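These notes are about the structure you will find just below.
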Amino acid sequence: MANNCWLRMDAILGMFLFCFHWTIGQGQPLYVCPYKECVCDEAEIQCDDRNLTTIPQRDMNALIYMGILNFDGNLLTSIPAGSLPANLLSLSLDRNPLESIDDAAFDESINTLHFLRIEGARFTQIPAALFRLNQLIELSIDYTHILVWDNDGMKKLGANLRSLSMDTVGLTSWPVWLKFFSRLTDLSIFGSTISSLPDDALDIVADTLTGLGLLNNSFTSVPKALSKLTALTSLSLAQNKITDITWLPSLSNLTQLSLSDNRISNSSQLSAALRPYADILSNFGHQQKLSRIHS
């Protein structure tokens with residue numbers, strides 16, 4: 006699933022670099038780093054692991070042709086409005102104790118920002134700044150305990166989203182707003198305590214979802230909603246409490262399947278469930294408890 010995401014990002018970045026070099030070839034000025042505390046190259050502003058407690062003062066006169074901004078591994082607690090360069094393509098804020106993001110923080114990239122990563126934040130609801138982004142296609146929010154979900158805001162956020170990854174965000178039930186994420190091709194929800202899905206939970210992406218990860222949740226059986234998926238190639242249900250795999254998606258073309266660290270003991274059911282993938286499955290996780298199946 007993640008590989009598909011990065012392939013898309015590489016393709017978009019490739020087009021960005023082509024445009025960058027074309028611009029330079031037309032005699033336009035070279036890029037100027039907007040933050041003196043950071044290092045810049047032709048495509049990326051590297052502000053990672055610099056013990057920054059605030060976003061550095063931005064050079065408002067800098068001519069910027071860079072599309073990637075990396076603030077990973079700092080001590081940032083807020084993202085003020087006007088602190089980020091315009092026309093960003095990708096922004097990574099992993100490993101920062103963010104408490105707030107100004108509603109207008111991303112406004113200068115509202116129509117260009119495609120990729121956003123946040124990890125280890127301390128806010129307890131998704132900042133409204135994210136709901137203003139018009140072209141976001143990949144979002145990763147990890148290790149951030151969300152207590153309040155704005156369903157209307159999430160509906161808007163999901164309008165163009167292709168990939169959503171959420172690891173340890175405090176979900177206890179299947180999010181109702183996911184039914185509006187009609188363009189998803191990759192979905193990962195890890196490290197939550199979800200135990201069931203509505204039967205129609207994934208109907209809107211039944212023919213388009215190619216990657217699904219529900220690792221480390223509380224499922225005791227494969228949800229029936231998965232049986233309707235026809236485009237799935239990668240599925241991870243590892244580290245749950247699954248004993249019943251009846252509803253594995255037999256109509257899909259799975260090449261990667263992980264059922265590791267579950268409680269599956271019925272070898273006949275397992276054999277029947279895997280039979281549709283006999284000729285195409287290239288990667289099957291079956292460690293630990295799954296390896297102790299018996300008739």
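For the sequence shown, the numbering used here begins at 6 and goes up steadily by one.
Even for Gly, the Cβ is constructed at its ideal location relative to N, Cα and C.
Quick caveat: nothing in here was measured; it's all calculated off a predicted structure.
* Rounded Cβ spacing between V174 and L189 (contact assumed at less than 8 Å) -> Actually they do not touch by this definition, with Cβ atoms about 17 Å apart.
* Enumerate in chain order the residues of its own chain whose CB-to-CB distance from A126 is below 6 Å, with the five nearest sequence positions on each side excluded. => L103 and T149
* For Q261 and V280, the rounded distance between their alpha carbons -> Residue 280 is actually Arg in this sequence, not Val. Looking at the two C-alpha atoms, the distance is approximately 14 Å.
* C-beta contact flag for T235 and S263 at 7 Å -> no
* To do: Helix, strand or coil for V181, going by three-state DSSP, please let me know.
  => helix
* R123 versus N101: straight-line alpha-carbon distance, rounded -> One detail in the question is off: residue 123 reads as Ile in this sequence, not Arg. Going from the Cα of I123 to the Cα of N101 covers about 8 Å.
* Asked: In three-state terms, what does DSSP make of G158?
  -> helix
* To do: Ignore the nearest five residues each way along the sequence and tell me which others in F76's own chain have a CB closer than 6 Å to its CB.
  => Excluding sequence neighbours, F76 sits near C52 and L98.
* **Own chain partners of D155 with C-beta closer than 7 Å, once the 5 adjacent residues on each side are dropped** => Q130 and I131
* Asked: For L176 versus S197, is the C-beta spacing smaller than 7 Å?
  -> yes
* To do: Would you check if the distance between the CB atom of S272 and the CB atom of G290 is smaller than 7 Å?
  => By the CB criterion at 7 Å, S272 and G290 fall outside the cutoff.
* Asked: Any idea what DSSP makes of E143, helix, strand or coil?
  -> strand
* Could you give the DSSP three-state label for Q130: helix, strand or coil? => Q130 sits in a strand when the DSSP states are folded into three classes.
* **Status (buried if at least 16 other CB within 10 Å, exposed otherwise) for K233** => buried
* For S223, which residues from the same chain have a beta carbon less than 7 Å from its beta carbon, with the 5 sequence-adjacent residues on both sides left out? -> Excluding sequence neighbours, S223 sits near T198, I199, S200, N245 and K246.
* Sort L166, V153, D147 and H119 by Cα distance to A133 and report the nearest one. => V153
* **Secondary structure, beta strand (DSSP E): runs of 3+ residues fully inside the stretch 50-138** => 73-75, 95-98 and 120-124
* **As assigned by DSSP and simplified to three states, the class of V153** => Strand at V153.
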